[in-house]
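**Student:**
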Amino acid sequence: MPRNRSKGLFWRRALIDRKVFDRYSKDEQKIIEAVKALLNNGTHGTNYEKLRDDLASARLNDADRILLTNYELDGQNNLLVIDAAEWHEYKKSPAYNDKNGVKNYLVKNKESIEKRIREMMAEEAAAAQSPKPPAGKPEPVILDYYNQQFIRLNLSQQSVLQSGLPLVVSGAPGSGKSCVAISMLRQLAAQLPEGSEEKILYLTESPRLLKEMQAIWESLELPRDMQRRVEFKTYAMQAAESRAEYVKDRTVCTKLEFEHWFKKYVSDRRNELNPAWRTPRVKKAKPRMIPS
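In terms of the numbering used here, the sequence shown is residues -17 to 274.
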């Protein structure tokens, strides 16, 4: 594709759509490094190429590119990295393939994009007032898509994504567990080899939560193959499918019913579960001190 030079443009900050990592899972660090180079060098860098007025690309290596656009807010230029193209396959990206692709993307996400940018502006203003203001541009921010809007994960949520499995995540209602779960599902699904028959299973007790999580997952702009790598089921659904004969004409018990059954089960089988329960215990006498 011929290189089309544009007038120099510099960005104050950069935001990366998590989708970019879904589309390019070879080396996430390459994306971060390329974005940092763009922040430092602007459009004068040798890796920048303008594709049309509202869309450009930046080189990751000989074959792969990230797609980006500029978002101006309050007179400041903000770099948005919105997609990735492997092996120069730009046409697989809606942002490139549809002449209104970038416009539609920005209109759809305008409110949450501007909210995230203003958050960064506020953080920069606060940092500038500190005794030792940070030097250079702020780090690129990764935007996660959840419930029809872009959000930023906090540090504890980000640490969950960097942790290995198995993993237990706890928190009060509304603390962001479902949001982290969606981001982790994206991350795990992207790591499965292309064409793999393996799948990731999301299990929940609540049919309501099942519908919500499935709707959020289906709203993500993911490759079809990646969408199919995750299945959502309730415990009852999984039990019915895996042990159909055993669970026929039975219902899943409630927590209270289980606690009542378990208490009786332990009581009835106490000797079996703990044979030492009835073992006679000899009380040791305390040593007596004999005066000399």
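Glycine residues also receive a C-beta, built at the ideal position from the N, C-alpha and C atoms. Note that this is a predicted model, so its numbers are computed, not measured.
Closer than 8 Å is the cut-off here; do at least three beta carbon pairs connect the region 74 to 83 with the region 110 to 122?
**Tutor:** No: fewer than three Cβ pairs fall under 8 Å.
**Student:** Answer with buried or exposed for Val150, where buried requires no fewer than 16 other C-beta atoms within 10 angstroms of its C-beta.
**Tutor:** Classification for Val150: exposed.
**Student:** At 3 residues or longer, what runs of the beta strand (DSSP E) sit wholly inside the region 199 to 240?
**Tutor:** For the region 199 to 240, whole beta strand (DSSP E) runs of length 3 or above, ordered along the chain, are 212 to 216.
**Student:** Taking its Cβ as the centre, do 16 or more other Cβ atoms sit within 10 Å of Val2, making it buried, or is it exposed?
**Tutor:** The residue in question, Val2, is buried, as its Cβ has 16 or more Cβ neighbours within 10 Å.
**Student:** With hydrogens ignored, establish whether the beta-carbon of Leu(-9) is closer than 7 Å to any heavy atom of the ligand SAH.
**Tutor:** Looking for the ligand SAH in the displayed structure turns up nothing, as the structure carries no ligands at all.
**Student:** For the alpha helix (DSSP H) that Arg47 lies in, which residues bound it at each end?
**Tutor:** Unbroken run through Arg47 is the beta strand (DSSP E), Arg47 to Leu55; no alpha helix (DSSP H).
**Student:** So, for Tyr184: in the same chain, excluding its five sequence neighbours on each side, which residues have a beta-carbon less than 6 Å away from its beta-carbon?
**Tutor:** Excluding positions up to five away in sequence, the list reads Phe214.
**Student:** With distances taken Cα to Cα, identify the nearest neighbour of Ser157 among Arg168, Ala171 and Gln139.
**Tutor:** It is Gln139.
**Student:** Check whether the region 171 to 186 and the region 204 to 212 are in contact - that is, three or more C-beta pairs closer than 8 Å.
**Tutor:** At 8 Å Cβ cutoff, the stretches touch.
**Student:** Is it buried or exposed, Thr51, if we count other Cβ atoms within 10 angstroms and call 16 or more buried?
**Tutor:** Result: buried.
**Student:** I'd like the list of long-range same chain contacts for Leu167, defined as Cβ closer than 8 Å, with 5 residues on each side in sequence excluded.
**Tutor:** Hits under 8 Å: Ile182, Tyr184, Trp199 and Val212.
**Student:** If we ignore side chains and look at the alpha-carbon of each, how far apart do Tyr87 and Ala226 end up?
**Tutor:** Going from the Cα of Tyr87 to the Cα of Ala226 covers about 45 Å.
**Student:** Looking at C-beta atoms only, is the number of pairs between the region 48 to 65 and the region 90 to 100 that lie closer than 8 Å three or more?
**Tutor:** Taking 8 Å as the limit for Cβ pairs, the verdict is that the region 90 to 100 does touch the region 48 to 65.
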